[in-house]
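Numbering (my numbering), first residue to last: 2 to 224.
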């Protein structure tokens, strides 16, 4: 599954714009008084201003072999979120390594390298090494219902986890990270998992769908 575009909401539009364009260096392809859109490799990331918006967790794929350089690059721009004393987070079951940091809204942003994807890498990390948006978090006390909707309408399968507290649905290119906020908090910070609304346009094989998430419910429309 490919996440072609992701729309999030922010209460600090200008601060987020400066963070992503000036501090991190992403290219903005559209901006107005209410929103801006970034080019994130093969994906688009849009922030729309909205009062009362709450934090997200989302991830961006990078080459697996770039993670050490990605850590150094990230630390030059923003403080990274550690697991104890470790700055690189190892996920052996996923054959993945990751670096985490906050943006201006306290969204937990993740750069993740997945060995299975086998992206090529040179000898230095820059913004062009970021391949696509690969994860977005979903809060739900009924994870099974979310899975059934995504499976029936898109054909997605469980990548990891189960229906009680955590379930990753999709594949290495695109995952919905479903978390029961009554049973689990966000890794690695133990931040509260909020019901943070988003809109994602995804593609799987020849199917294109728009996924709207709000108030704990997932709605799926044919594009």
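Heads up, the beta-carbon is just placed ideally off N, CA and C, and yes, glycines get one too.
Requested in this report: Work out the CA separation of residue 163 and residue 90 for me, nearest whole Å.
Outcome: 22 angstroms
Query raised in the report: DSSP on residue 89, reduced to helix/strand/coil?
Result: coil
**Report entry** Same chain, Cβ closer than 7 angstroms to residue 134, neighbours up to 5 away in sequence not counted
**Finding:** 4, 7, 41, 44, 46, 59, 61
Query raised in the report: Hey, residue 113 and residue 136: beta-carbon distance below 9 angstroms or not?
Result: yes
Query - Delimiting residues of the alpha helix (DSSP H) encompassing residue 151 - result: 144 to 155
Query raised in the report: So what does DSSP say about residue 25, is it helix, strand or coil?
Result: coil
Report task. Verify whether the separation of the beta carbon atoms of residue 10 and residue 197 is less than 9 angstroms. Result -> yes
**Report entry** Distance between beta carbons of residue 65 and residue 116, contact taken as under 8 angstroms
**Finding:** 5 angstroms
Query raised in the report: Which term fits residue 29, buried or exposed, when burial requires 16 or more other beta carbons within 10 angstroms of its beta carbon?
Result: exposed
Query raised in the report: With 16 other CB atoms within 10 Å as the buried threshold, where does residue 63 fall?
Result: buried
Query raised in the report: In angstroms, rounded to a whole number, what distance separates the CA positions of residue 130 and residue 121?
Result: 9 angstroms
Query raised in the report: Helix, strand or coil: which one does DSSP assign to residue 67?
Result: helix
Query raised in the report: Taking Cβ to Cβ, would you say residue 67 is nearer than 9 angstroms to residue 126?
Result: yes
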